[in-house]
Amino acid sequence: MTQLPAFALTSLLIELTPGPNMAWLALLAATEGRRLGYAAVAGVCLGLALIGFLAALGLAALLQAQPLAYQALRWAGVAYLLWIAWQTWRGAEAEEGGAGAGASALAQFRRGLITNLLNPKAAVFFVTVLPGFLSPTARFAEVSVLSFTFVAIATLIHAAIVTAAGTAAVWLAQGHRVRQTRRIMALALVAVALWLLTRT
23 MTQLPAFALT
33 SLLIELTPGP
43 NMAWLALLAA
53 TEGRRLGYAA
63 VAGVCLGLAL
73 IGFLAALGLA
83 ALLQAQPLAY
93 QALRWAGVAY
103 LLWIAWQTWR
113 GAEAEEGGAG
123 AGASALAQFR
133 RGLITNLLNP
143 KAAVFFVTVL
153 PGFLSPTARF
163 AEVSVLSFTF
173 VAIATLIHAA
183 IVTAAGTAAV
193 WLAQGHRVRQ
203 TRRIMALALV
213 AVALWLLTRT
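Just remember that my numbering sits 22 ahead of the position in the sequence shown, which is counted from 1.
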């Protein structure tokens, strides 16, 4: 466990690199407010924890050894992001009609969870980065500690992003800005999906 500080620093640097979670959470907090943003963070946290647990059992190695399974998971993630984008765009249209269609905290929690479970990059992290910090005789407990460290760091960063982006929610929620920002968020989600699609 002498590798824990180095692993924590590596995890921090990786999580500070812009990616799908960071972009989505920032847009969500800016358009829907911090409460829904924190709910999404909780879902992301649970998703990462489950992936870490499954990776410790060998799932990440399986994805790396089976390109078809990896590609299927990647396409599923892309399709889900596009579905969220469509729902967000429809929410903007409903807002224009006066219906108001913000998703509930439970819905955002579920989206954060599913998005991460369908994110192959999160799983592959545990087989490409984490093994370099394990001892030759590493056991499940050691893998679990490092996985928990990564999840904790990722959750703190995501929560900080939501907190910062949420300050814009009050201004963005005024009048016609609600429709505009939700449409921008929908288009941004499409961009994130395309970004994930281009990753190998």
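Just so it is clear, CB atoms sit at the ideal spot from N, CA and C, and this is done for glycine as well.
Beta-carbon spacing of residue i, residue j below 8 angstroms
| i | j | result |
| --- | --- | --- |
| A62 | L47 | yes |
| V151 | G59 | no |
| L72 | L139 | yes |
| V165 | A78 | yes |
| L168 | F29 | yes |
| R204 | T110 | yes |
| A210 | V100 | no |
| S33 | T171 | yes |
| A144 | L70 | yes |
| E54 | I179 | no |
| R56 | A127 | no |
| L90 | T137 | no |
Beta-carbon separation (whole angstroms), residue i vs residue j, contact threshold 8 angstroms
| i | j | result |
| --- | --- | --- |
| V212 | A107 | 5 angstroms |
| G188 | L135 | The Cβ separation is near 20 angstroms, so there is no contact. |
| Q25 | F131 | That pair is no contact at about 33 angstroms. |
Under the three-state DSSP convention, the category residue i falls into
| i | result |
| --- | --- |
| A101 | helix |
| L219 | helix |
| A190 | coil |
| R201 | helix |
| N141 | coil |
| V212 | helix |
| Q25 | coil |
| S126 | coil |
| L156 | coil |
| R112 | helix |
| T161 | Reading off the sequence shown, one finds Arg at residue 161, where the question assumed Thr. Of the three classes helix, strand and coil, the one that applies to R161 here is coil, per DSSP. |
| V151 | coil |
Within-8 angstroms CB hit, residue i to chain D
| i | result |
| --- | --- |
| G59 | In summary, chain D is missing from the structure at hand, where a single protein chain is found. |
Checklist entry - In chain order, which continuous runs of the alpha helix (DSSP H) of length 4 or greater are located wholly inside the segment 29-86? => result Within the segment 29-86, the complete alpha helix (DSSP H) segments of 4 residues or longer fall at 42-54, 56-78, listed in chain order.
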